[in-house]
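Read through the structure below, which is laid out as structure tokens, and then see the notes.
Protein chains: 2
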Amino acid sequence: MAELPVPLQVLKSALGKLPGIGPRTAERLALHVVQSGSQWVKDLSVALVEAKERVRFCQSCGGLTEVQPCELCADPRREMTVICVVERPVDVISLERSNVFRGLYHVLGGKISPLNGVGPEDLRIGELGKRLSEGGVEELVLALGSDVEGDATSYYLAERFQPLGIKTTRLAHGLPVGRGLEFADELTIGRALEGRRALDLGPSE
Amino acid sequence: MAELPVPLQVLKSALGKLPGIGPRTAERLALHVVQSGSQWVKDLSVALVEAKERVRFCQSCGGLTEVQPCELCADPRREMTVICVVERPVDVISLERSNVFRGLYHVLGGKISPLNGVGPEDLRIGELGKRLSEGGVEELVLALGSDVEGDATSYYLAERFQPLGIKTTRLAHGLPVGRGLEFADELTIGRALEGRRALDLGPSE
Chain R
1 MAELPVPLQV LKSALGKLPG IGPRTAERLA LHVVQSGSQW VKDLSVALVE AKERVRFCQS
61 CGGLTEVQPC ELCADPRREM TVICVVERPV DVISLERSNV FRGLYHVLGG KISPLNGVGP
121 EDLRIGELGK RLSEGGVEEL VLALGSDVEG DATSYYLAER FQPLGIKTTR LAHGLPVGRG
181 LEFADELTIG RALEGRRALD LGPSE
Chain X
1001 MAELPVPLQV LKSALGKLPG IGPRTAERLA LHVVQSGSQW VKDLSVALVE AKERVRFCQS
1061 CGGLTEVQPC ELCADPRREM TVICVVERPV DVISLERSNV FRGLYHVLGG KISPLNGVGP
1121 EDLRIGELGK RLSEGGVEEL VLALGSDVEG DATSYYLAER FQPLGIKTTR LAHGLPVGRG
1181 LEFADELTIG RALEGRRALD LGPSE
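As structure tokens, this is what we get:
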């Protein structure tokens, strides 16, 4: 018994393929499974296959969905004239939780990153071009991260779709709401200063 | 779509019950599953149920096994006169890998820890007493961790089984092999000094 029993070795190896789970953590999780209630283990086993089989990417926006097209793309109450471009499917959920944006989405599936071998053709940029060329879109909101690759991708998209004459905007940079200056880095404070706005005091009596 | 699709929510919640996996990590893992190859997801799903169903605890030593009693307990080449007491089933594997110990094991399933509500009756101490009272055991090797709880458990076991007249030993403390003094804490260095041994130069010509 210098080794784990075979079923545990198999489980450890399968768990070790999850991102961020090394061999030691995989072993710990596998041992936890053996010592847990069997109902939970069955539930997890079924949930894995169910999620993999039932959740798909929307053929239009690229977001996560169980139906084609997804609920957002099929919702007639959404503004069809605005498309918000995001990097990952989860970004759609983050934006929706803010309850501010009422348009449609387009998931790129990543950022342009020459160092990682990711070019424009590896992302859903062709699909975006197709949606835009079908007409009716007036504004493209670029909601990519503000790291180097996110910025590069934003500029690439803005340039590529400039000939279509569609207004291109990007999310504002500034201080996080509810946080003081002490938690913000100097780049963020700089951007917040550049983007400062007049206080709206409302109509005076 | 302010929320994940339902199958993903179910998967996230099941993954979140693993030790050390918080809601954010669970979400990240669930999204990874949706975007992975389906063969691996099926393999993981099957491995979970297989491990849970096939791996049991040995009724004698408490180690992990697919058969009763486990291969170690059933092996006639092991020294039946020595029992090594460990905390967890994986500790057996660690000790076996060292290829030094040739006796039998007994897994306690934890340490005595009044703060966490773990008393002697919650551990497999009664089972150990039964094995010892059956006779034939000459030495009890206590291989528990050397933290406060491990030490307390070691002393508890030594006192409890003193009337049986069985020799009780515990693992030596000292410097890890292959490491210099600079990596050892002062307690370990102190124990290493106390336990110093004469250099065996072999028979002189």
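Sequence order for the protein chains is R and X. Numbering of the first sequence is given in the numbering used here, commencing with residue 1 and proceeding in unit increments. Numbering of the second sequence is given in the numbering used here, commencing with residue 1001 and proceeding in unit increments. By construction, the Cβ of each residue, glycine as well, lies at the ideal position given by its N, Cα and C atoms.
Bridge-paired residues (DSSP) for residue i
i	result
residue 1084/X	1105/X and 1141/X
residue 45/R	In the DSSP output, where bridge partners are listed per residue, residue 45/R has none listed.
residue 111/R	Paired residues: none, contrary to the question.
residue 1169/X	1141/X
residue 118/R	113/R
Closest Cα partner of residue i within the set the options
i	options	result
residue 142/R	173/R, 184/R and 202/R	173/R
residue 1161/X	1130/X, 1145/X, 1180/X and 1100/X	1130/X
residue 40/R	1041/X, 1036/X, 1045/X and 1039/X	1045/X
residue 1028/X	1112/X, 1165/X, 1012/X and 1116/X	1012/X
residue 1088/X	1099/X, 1053/X and 1124/X	1124/X
residue 70/R	60/R, 79/R, 76/R and 78/R	60/R
residue 24/R	1090/X, 1009/X, 1139/X and 1147/X	1090/X
residue 10/R	1067/X, 1181/X and 1050/X	1050/X
residue 149/R	191/R, 119/R, 79/R and 139/R	119/R
residue 1156/X	1180/X, 1181/X and 1128/X	1128/X
residue 1105/X	1030/X, 1199/X, 1065/X and 1121/X	1065/X
residue 140/R	116/R, 110/R, 202/R and 102/R	102/R
residue 83/R	144/R, 146/R, 199/R and 137/R	137/R
residue 52/R	1038/X, 1057/X and 1018/X	1038/X
residue 1003/X	171/R, 145/R and 94/R	94/R
residue 1019/X	19/R, 201/R and 30/R	30/R
Span separating the alpha-carbon of residue i from that of residue j
i	j	result
residue 208/R	residue 163/R	Beyond the ends of chain R as shown, which are 1 and 205, falls residue 208/R; an answer cannot be given.
residue 86/R	residue 1005/X	18 angstroms
residue 62/R	residue 96/R	15 angstroms
residue 1126/X	residue 1158/X	14 angstroms
residue 169/R	residue 22/R	41 angstroms
residue 1055/X	residue 1072/X	15 angstroms
residue 1100/X	residue 1108/X	21 angstroms
residue 16/R	residue 194/R	46 angstroms
residue 196/R	residue 135/R	34 angstroms
residue 1184/X	residue 1175/X	7 angstroms
residue 1035/X	residue 112/R	19 angstroms
residue 165/R	residue 32/R	57 angstroms
residue 81/R	residue 1043/X	44 angstroms
residue 1181/X	residue 1098/X	22 angstroms
residue 8/R	residue 1079/X	27 angstroms
residue 151/R	residue 76/R	32 angstroms
residue 188/R	residue 177/R	13 angstroms
residue 191/R	residue 1115/X	51 angstroms
residue 179/R	residue 153/R	29 angstroms
residue 1092/X	residue 1110/X	13 angstroms
residue 1014/X	residue 1186/X	43 angstroms
residue 1144/X	residue 1117/X	19 angstroms
residue 122/R	residue 57/R	16 angstroms
residue 1171/X	residue 1147/X	13 angstroms
residue 1048/X	residue 199/R	58 angstroms
residue 68/R	residue 74/R	9 angstroms
residue 1026/X	residue 26/R	14 angstroms
residue 1202/X	residue 1167/X	29 angstroms
Contact residues within the stretch 117-137 of chain R, judged by C-beta distance below 7 angstroms to chain X: none
Given a limit of 8 angstroms on CB to CB distance, which residues of the stretch 52-69 of chain R reach chain X? 52, 53, 54, 55, 63, 64, 65 and 66
Taking a Cβ distance cut-off of 9 angstroms, strictly less, list which residues of the stretch 1099-1114 of chain X are near chain R, in chain order. 1099 and 1105
Which residue spans inside the stretch 1010-1066 of chain X form an unbroken alpha helix (DSSP H) run of at least 4? Counting only runs of 4 or more, we get 1023-1034 and 1038-1054.
Would you list, in chain order, the members of the stretch 1141-1160 of chain X that have their beta-carbon closer than 7 angstroms to a beta-carbon of chain R? Within the stretch 1141-1160 of chain X, no residue places its CB atom closer than 7 angstroms to a CB of chain R.
Please list, in chain order, the residues of the stretch 160-179 of chain R that have any C-beta partner in chain X closer than 9 angstroms. none
Chain R contacts made by the stretch 1033-1053 of chain X, where a contact means CB separation under 7 angstroms: 1033, 1034, 1038, 1040, 1041, 1042, 1043, 1044, 1045, 1047, 1048, 1049, 1050, 1051 and 1052
Selection of the stretch 1016-1030 of chain X by Cβ proximity to chain R, strictly under 9 angstroms: 1017, 1018, 1019, 1020, 1021, 1025, 1027, 1028, 1029 and 1030
Mind listing which residues of the stretch 1076-1092 of chain X have their C-beta closer than 9 angstroms to chain R's C-betas, in chain order? For the stretch 1076-1092 of chain X, which is checked against every Cβ of chain R, the residues closer than 9 angstroms are 1088, 1089, 1090 and 1092.
Near-chain X residues of the stretch 187-203 of chain R - C-beta to any C-beta below 7 angstroms: none
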